[in-house]
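Okay, structure first, notes after.
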Amino acid sequence: MNLNNKNFKVFLSTRLSRIFFVLFVSLLCSSAQGSSIQDSSAQADNKKHTEFLELFRQYLQIDTSNPPGGELAAAHFFAHIFEREGIPYDLVESAPGRSNIRAVIKGRKPSALILLHHMDVVPANPEQWEHPPFAALMDDQFIHGRGAVDTKSLGIFHLNAFLNLHRSGVVPDRDVVFMATADEESGGAFGVGWLMEHWPEWFKNIDAVLNEGAVGKSIGGKTTYAVEVTQKIPLWLRLETQGEAGHGAAPHAQTAVTRLLDASTQLQQLQFVPRAIAPVADYFTALAPLYASPWRERFSAINETVKSADSMAELHEFDHRLYALLTSSCTPTRLQGSGKINVVPGMASLEMDCRLLPDVNPEQVVERIQTLLGPEVQVRTLLSFKPGVSSSQHPLFETIAAVLQERYPEALLLPKVSPGFTDSHFFRESGVTAFGFSPILLDEDGSYGVHGVNERLTLDDFHQGLQVVEDIVIQYVTD
Ligand SMILES: [Zn+2]
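Printed below as a string of structure tokens:
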């Protein structure tokens with residue numbers, strides 16, 4: 507069970523009694539000095555937030571569209587900050603212009619908390635945008651720019667926590683590592699994937715990784731925050747068929763294209779039985795009270811709901827993202843045959859984006875497809891990850907829960923399974939705990955322009971994000 511309500515409450519009550527004690531002592535201490543301390547701490551907060559807002563805008567102005575990436579400029583941006591602060595750092599290039607950077611605050615134990623984010627962003631076409639995507643323009647409510655949500659804001663939240671820990675002079679109980687990487691948007695081959703192979707010493711004694719992966723959202727008028735604990739596994743396949751090339755006017759009985767069409771008909775037999783793996787069942791149970799009937803009942807009995815074809819078909823219509831959490835799927839996305847209408851090609855191909863539930867073995871799915879399609883079709887694996895789940899029974903998850911509970915007592919915290927993927931899979935598949943969390947509260951439609959046009963972040967989200975992430979990091983690594 508992931509987020510066990512009982513544990514959550516028990517944990518919070520011990521946590522809260524500590525908070526009340528601290529509150530009580532601090533009231534005693536501050537009563538004699540009146541409001542001037544509060545004023546000056548508010549001023550200090552404002553000053554700090556102004557500093558990091560300015561850094562956020564500078565970061566957004568660095569164009570790290572991937573392709574080509576160009577993360578070197580962003581890595582230099584962080585390097586200058588670390589130089590100014592007197593913090594040693596490592597900057598390594600995985601390819602020309604593709605860079606990764608990390609800095610470490612040494613702790614007392616040989617254990618490390620990694621604050622991870624990616625510096626690259628998906629491309630933005632300025633013609634479609636209301637504001638230039640790399641100008642970081644600001645109005646009363648928003649900061650506009652590619653990367654505002656995915657995921658340069660998280661990078662600045664991490665930087666704020668990291669620098670403030672460093673400036674405080676407090677020695678943390680374990681190492682705190684700030685890590686900004688390249689290439690996440692294209693799968694991480696020049697980022698975390700490359701680093702794990704070439705710089706394994708960056709990944710020694712990891713206690714936990716805090717990465718992107720989940721944000722807050724309003725559901726049925728209730729604020730929810732999510733911590734991503736696992737993801738569906740991508741398995742990208744190319745099916746290829748061969749045949750004799752020739753002229754369309756005098757074709758052979760079977761060609762590469764007709765063979766591929768036959769194969770695609772066969773593929774309709776590839777069905778996956780819907781089911782709720784344990785973290786997904788927990789997620790639906792937690793979501794249920796936020797929905798009206800019949801979804802409230804169906805979500806709270808999700809293991810029964812998955813057995814009903816009618817309910818599943820309705821859910822697919824109602825919310826295709828939730829539906830995706832309950833089944834593996836293979837979706838054909840690209841077809842290739844001849845480049846010319848009167849030319850019969852020697853080869854034809856169909857690419858499929860399969861997303862598997864996190865406990866499915868990708869090799870078995872490939873075998874199943876190969877058996878179904880027979881020897882005339884070659885099934886090639888283009889990308890495949892190993893399964894991995896991070897248990898929410900981890901002190902970092904509990905710290906996130908406690909900080910959210912302190913700041914937003916009305917909000918609900920959900921352990922989340924993501925239908926997409928991030929760099930967290932590199933860690934989870936080697937048994938390292940990685941949580942996806944950014945304390946941003948998206949509006950009802952949940953878009954904010956991530957990977958689309960007009961990506962933007964509210965100033966409120968920015969200021970709260972700074973504070974929440976700092977609280978989590980400081981509470982987690984100091985006693
Ligand atoms: Zn991202």
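Quick note: to get the numbering used here, add 506 to the position in the sequence shown (first position is 1). From the three backbone atoms N, C-alpha and C, an ideal C-beta is built for every residue, glycine too.
Note that the C-beta distance between P632 and P638 is below 8 Å.
Within the DSSP bridge table, the entry for R886 names R744 as partners. In this structure, the beta-carbon distance from Q567 to L965 does not fall below 8 Å. Beta-bridge partners of A601 (DSSP): R604.
For H624, the Cβ falls inside the 7 Å cut-off from some heavy atom of ligand 1. In the three-state reduction of the DSSP assignment, V779 falls in the coil class. Going by C-alpha positions, H969 is about 10 Å away from P945.
For K728, there is no enclosing alpha helix (DSSP H); the enclosing beta strand (DSSP E) covers residues K728 to Q737. Beta-bridge partners of H664 (DSSP): none assigned. The beta carbon of T687 sits no closer than 7 Å to any heavy atom of ligand 1. Annotated three-state conformation of Q842 is strand, per DSSP. G754 and L767 have their alpha carbons spaced roughly 17 Å apart.
Pairing V715 with A908 gives a Cβ-Cβ distance that is not under 8 Å. Distances taken from the Cβ of E961 to the heavy atoms of ligand 1 include none shorter than 7 Å. In the three-state reduction of the DSSP assignment, N670 falls in the helix class.
It is roughly 32 Å from the alpha-carbon of N711 to the alpha-carbon of H555. Between L948 and M858 a beta carbon distance of about 30 Å is seen, past the 8 Å cut, so the two are scored as non-contacting. For D967, the shortest C-beta to heavy atom distance toward ligand 1 is 7 Å or greater. Of the residues assessed, D929 falls on the buried side of the cut-off, its CB having 16 or more other CB atoms within 10 angstroms. As a beta-bridge residue in DSSP terms, G752 pairs with V850.
Not one heavy atom of ligand 1 lies closer than 7 Å to the C-beta of D985.
Look at A641 here: in three-state DSSP terms it is coil, with no helix or strand label. A straight line joining the alpha-carbon of T905 with that of Q981 spans about 7 Å.
Within the model, the alpha-carbon separation for Q870 versus G613 is close to 43 Å.
Looking at the DSSP output, D859 bridges to W742 and T837. Rounded to the nearest angstrom, the Cβ distance from L561 to I662 is 6 Å, consistent with a contact under 8 Å. With a cutoff of 8 Å on beta-carbon distance, D656 and H931 are scored as not near each other. With 16 or more other CB atoms across the displayed protein chains lying within 10 angstroms of its CB, E691 is buried.
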